[in-house]
Amino acid sequence: GDSVTQMEGPVTLSEEAFLTINCTYTATGYPSLFWYVQYPGEGLQLLLKATKADDKGSNKGFEATYRKETTSFHLEKGSVQVSDSAVYFCALSVSQAGTALIFGKGTTLSVSS
Amino acid sequence: KAGVTQTPRYLIKTRGQQVTLSCSPISGHRSVSWYQQTPGQGLQFLFEYFSETQRNKGNFPGRFSGRQFSNSRSEMNVSTLELGDSALYLCASSPSAGAKGDLHFGNGTRLTVT
Chain S
1 GDSVTQMEGP
11 VTLSEEAFLT
21 INCTYTATGY
31 PSLFWYVQYP
41 GEGLQLLLKA
51 TKADDKGSNK
61 GFEATYRKET
71 TSFHLEKGSV
81 QVSDSAVYFC
91 ALSVSQAGTA
101 LIFGKGTTLS
111 VSS
Chain A
114 KAGVTQTPRY
124 LIKTRGQQVT
134 LSCSPISGHR
144 SVSWYQQTPG
154 QGLQFLFEYF
164 SETQRNKGNF
174 PGRFSGRQFS
184 NSRSEMNVST
194 LELGDSALYL
204 CASSPSAGAK
214 GDLHFGNGTR
224 LTVT
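For the protein sequence lines, the chains are S and A, in the order given.
Quick note on numbering: our numbering labels position 48 of the first sequence as 48, and the sequence is numbered without any gaps.
Here our numbering runs 113 ahead of the position in the second sequence, where the first position is 1.
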């Protein structure tokens, strides 16, 4: 079945370091891909998305490119801030499944000053 | 615009009891989805409602049920609670069904079953 695999955390970085969180997927059909972020005590927020191959989603300095050939959607940010500390989830949506998303397990990012 | 509102924020129930959780979507949003979040299983899709009809259901036992009202508010019910039902239950709304994952989540209801 469809699934999402993302790198295990926690990821610990110093402020202004480069961030990569790996995400790969398995899906039949042509999924849309997403990154969601969850801050402590809150629900998830959509960070960025890409709906077809080679699309690049970007928001708040974060970027991810939909790579169909490697079935990947890695999240990157050039310079992280303490305020980026959160749990990041990669997810996919298969169009015939309505709004149902399949999530990865999440990666905890901790940024220190 | 007010966000997705879930009530209550915290619940403590005893095994065997039943519980009802409530979700008010963003104004104008007609699709409501529910997810269960646990440390072991992560985020898992429960069901989706659109225009008072269940459109999609995840792989959960029949003890988990839901409904949607004409004003798009939704409730989910869990009967005969088990210890393993302890989780954060998240509700999400979107303007339409199949909105390509552009979901707006509430802050969740933390259910503890003792």
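A virtual CB, placed ideally from N, CA and C, is assigned to each residue, including glycine.
Taking Cβ to Cβ, would you say residue i is nearer than 7 angstroms to residue j?
| i | j | result |
| --- | --- | --- |
| S/Y66 | S/L33 | yes |
| S/I21 | S/T108 | no |
| A/R223 | A/Y148 | no |
| S/A27 | S/L92 | yes |
| S/A86 | S/Y39 | yes |
Would you identify the three-state DSSP class for residue i, choosing helix, strand or coil?
| i | result |
| --- | --- |
| A/S199 | coil |
| S/V82 | helix |
| S/G106 | coil |
| A/F218 | strand |
| A/G179 | strand |
| A/E188 | strand |
| A/N169 | strand |
Determine the chain A residues that contact residue i at a beta-carbon separation under 7 angstroms, and present them in chain order.
| i | result |
| --- | --- |
| S/K105 | G155 |
Applying a beta-carbon distance threshold of less than 8 angstroms, which residues of chain S neighbour residue i?
| i | result |
| --- | --- |
| A/D231 | No statement about residue 231 of chain A is possible, as the shown extent of chain A runs from 114 to 227 and does not include it. |
| A/S140 | Those do not exist, as A/S140 stays about 17 angstroms from chain S at its closest Cβ, beyond 8 angstroms. |
Quick one: list the residues of chain S neighbouring residue i, beta-carbon separation under 7 angstroms, in chain order.
| i | result |
| --- | --- |
| A/L224 | Those within 7 angstroms of A/L224 in chain S number zero; the least Cβ separation is about 15 angstroms. |
| A/G221 | G43 |
Mind pulling the chain A residues with CB within less than 9 angstroms of residue i?
| i | result |
| --- | --- |
| S/F89 | G155, L156 |
What in chain S is Cβ-close to residue i, meaning under 9 angstroms?
| i | result |
| --- | --- |
| A/R203 | In the sequence on display, residue 203 of chain A carries Leu and not Arg. Correct list: G43, L44. |
Using a cut-off of 8 angstroms between C-beta atoms, extract the partners of residue i located in chain A.
| i | result |
| --- | --- |
| S/A100 | S146, F158, E161, N169, G171 |
request  = Any chance you could list the beta strand (DSSP E) runs of at least 3 consecutive residues sitting entirely within the stretch 11-86 of chain S, in chain order?
outcome  = Runs found: 11-14, 19-21, 23-26, 32-38, 44-50, 56-59, 62-65, 75-77.
Inside the stretch 120-164 of chain A only - beta strand (DSSP E) runs reaching at least 3 residues = Entirely contained in the stretch 120-164 of chain A, the beta strand (DSSP E) runs reaching 3 residues are, in chain order, 123-126, 132-137, 144-151, 155-163.
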